[in-house]
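> Residue numbers for the sequence shown follow my numbering, so the first one is 3 and each next one is one higher.
Glycine is no exception: its CB is placed at the ideal position from the N, C-alpha and C atoms.
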Amino acid sequence: METSRSPSTAGRSIEAVVRNDISLDESYDAYPRIEEAFREFLDESLHPRGPDALFDLIGSLGLPEEARAVDVGCGEGAQAMELAARFGFVVQGVEPVQRHIEISRQALARADPAVAARVRFDSGRAEDLPLGDGTVDLIWCREALMYAELGPAFAEFRRVLRSEGHGLVCQVLTGPR
């Protein structure tokens with residue numbers, strides 16, 4: 003497969019995101035090029051435990067329907083909607099990229115009305131969540147912490163999480179950060 007960018011060039015794009023040399027919007031636009039450059043070099047799934055493993059873990063927690071969840075760095079909103087559909091949670095997706103919020107809201111408008119009634123999407127960052135103190139039963143943060151300042155983000159998670167709440171953070175680590 004011929005690609006227009008070498009893996010080392012794509013790697014420089016990733017490094018630019020980590021160094022904050024380009025915006026999250028620019029990195030979102032660059033992702034298809036980066037993915038294409040690395041496609042031939044990847045020989046295993048990006049989800050090696052299967053797509054349901056994290057949802058299975060959440061199911062094992064025994065949280066009730068109507069539990070309040072926040073999807074930190076919700077991207078285009080698919081996982082926030084899945085949490086509402088599978089478990090009946092009331093989910094707030096929080097995302098710093100405005101384009102993702104727009105895409106999420108468009109998807110929500112097409113979703114099952116029972117799911118749509120339980121989900122909302124708002125602009126925000128992991129370090130400054132638009133939530134009150136002790137108001138969340140579950141923090142779901144999947145593949146989003148590479149864009150956050152870790153200390154302030156985890157302090158914010160602690161602030162919004164109820165005393166008996168749960169947090170699930172899943173992040174693939176590929177570099178020194």
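Just to confirm, is the Cβ distance from G79 to A109 under 8 Å?
Against a cut-off of 8 Å, the Cβ pair of A109 and G79 comes out as a contact.
> How would you write the range of the beta strand (DSSP E) that F123 sits in, first residue to last?
Start and end: 121–125.
> Return helix, strand or coil for L175, following the three-state DSSP convention.
It is coil, neither helix nor strand.
> Using three-state DSSP, classify A87 as helix, strand or coil.
A87: helix per DSSP, three-state reduction.
> Leaving out the 5 sequence neighbours to the left and right, which residues in its chain are closer than 7 Å to V171 when beta-carbon positions are compared?
Taken in chain order, the residues that qualify are C143, L147.
> By the 10 Å Cβ neighbour count, where 16 or more other Cβ atoms means buried, how is R127 classified, buried or exposed?
The residue is buried, with at least 16 neighbouring Cβ atoms inside 10 Å.
> Given G75, which residues of its chain have a CB within under 8 Å of its CB, disregarding the five upstream and five downstream residues?
Only V96, E97, P98, A128, C143, R144, E145, A146, L147, Y149, A150 meet the Cβ criterion.
> Verify whether the separation of the beta carbon atoms of E158 and D139 is less than 8 Å.
Cβ distance not < 8 Å, so E158 and D139 don't count as in contact.
> Where does Q100 land, buried or exposed, given buried means 16+ other C-beta within 10 angstroms?
Result: exposed.
> Quick one: residues in its chain with C-beta nearer than 7 Å to the C-beta of R161, no 5 flanking neighbours on either side, listed in chain order?
The answer, listed in chain order, is D135.
> Using a 10 Å radius around the Cβ and a threshold of 16 neighbouring Cβ atoms, would you call D73 buried or exposed?
Buried, since its Cβ has 16 or more Cβ neighbours within 10 Å.
> Between A82 and V92, is the Cβ-Cβ spacing less than 8 Å?
No; because the gap between Cβ atoms is not below 8 Å, this pair is not in contact.
> Taking the beta strand (DSSP E) that G95 belongs to, which residues open and close that run?
92–97 is the span of the beta strand (DSSP E), which, as asked, contains G95.
> Please state if the CB of F57 and the CB of E84 are separated by a distance shorter than 8 Å.
Yes.
> Just grab the DSSP bridge partners of D139 for me.
None; D139 has no bridge partner.
> Residues in its own chain within less than 7 Å of A155 by CB, not counting five upstream and five downstream?
Excluding positions up to five away in sequence, the list reads A128, E129, L147.
> Roughly how many whole angstroms lie between the Cα atoms of H49 and T137?
Confidence is the limiting factor: at H49 the pLDDT is only 47, short of 50, which leaves the residue's position unreliable, though a coordinate-based value still follows. When rounded, the distance between both Cα atoms is 30 Å.
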